[in-house]
Amino acid sequence: MFTDERLIRCEELMREVCADFEVELREFNGEHDHVHLLVHYPPKAALSKLVNSLKGVSARMLRKEYSAHVREHLWGGHFWSGSYFAGSVGGAPLTELKQYIEQQQRPV
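Here full-length UniProt numbering is used: position 9 in the sequence shown is 9, and no number is missing along the way.
Right under this line is the structure:
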């Protein structure tokens with residue numbers, strides 16, 4: 001599904017959502033079928049609501065902007081799978097986390 005162009009657009013959309021939640025998207029990258037985000041968010045932000053909005057807004061806009069291509073890559077009619085992984089990294093060196101995300105095999 002994802003090409004470099006579509007990942008750039010996905011990142012723009014996700015940065016907008018994060019700004020609406022007063023959350024900082026510190027790092028973003030992806031591969032052909034998923035994305036990785038490093039997000040700094042305050043305790044007042046509900047993670048499930050943030051993820052729901054990130055997935056919902058990006059799916060809606062990417063379907064609209066790349067409709068022909070997206071239809072070929074849906075998961076049972078859905079843009080994103082119903083699951084996600086979120087881990088807390090308090091105390092972990094951010095440089096190592098950023099490096100991990102940067103090293104994903106981004107499609108061209």
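Glycine residues also receive a C-beta, built at the ideal position from the N, C-alpha and C atoms.
Check whether the Cβ atoms of Pro107 and Phe28 lie closer than 7 Å to each other.
Reading the sequence shown from its first residue, position 107 is the one you call residue 107. Reading the sequence shown from its first residue, position 28 is the one you call residue 28. No, they are not a contact pair.
Determine the closest residue to Glu22 out of Ala59, Ala45, Gly77, His73, with distance taken between C-alpha atoms.
For the purposes of this step, residue 22 is identified with residue 22 of the sequence shown, where counting begins at 1. Looking at the Cα atoms, Ala45 is the closest of the given residues.
Going along the chain, which residues of its own chain have a beta-carbon closer than 7 Å to the beta-carbon of Val57, five neighbours each way excluded?
For the purposes of this step, residue 57 is taken as residue 57 along the sequence shown, with counting starting at 1. Result list for Val57: Leu13, Val17, in chain order.
With 16 other CB atoms within 10 Å as the buried threshold, where does Val89 fall?
Against the sequence shown, residue 89 aligns to sequence position 89. By the neighbour-count rule (16 or more Cβ atoms within 10 Å), Val89 is not buried but exposed.
Please report how far the alpha carbon of Arg63 lies from the alpha carbon of Glu11, in whole angstroms.
Numbered from 1 along the sequence shown, position 63 holds the residue referred to as residue 63. Numbered from 1 along the sequence shown, position 11 holds the residue referred to as residue 11. Their backbone Cα atoms lie some 15 Å apart in a straight line.
Which residues bound the beta strand (DSSP E) around Arg26?
Reading the sequence shown from its first residue, position 26 is the one you call residue 26. Taken as a continuous stretch (DSSP letters only), the beta strand (DSSP E) holding Arg26 covers 24-30.
Locate the beta strand (DSSP E) running through Leu94, then write down its first and last residues.
Position 94 of the sequence shown, counting from 1, holds the residue named residue 94. No beta strand (DSSP E) contains Leu94, which is instead part of the alpha helix (DSSP H) from 94-102.
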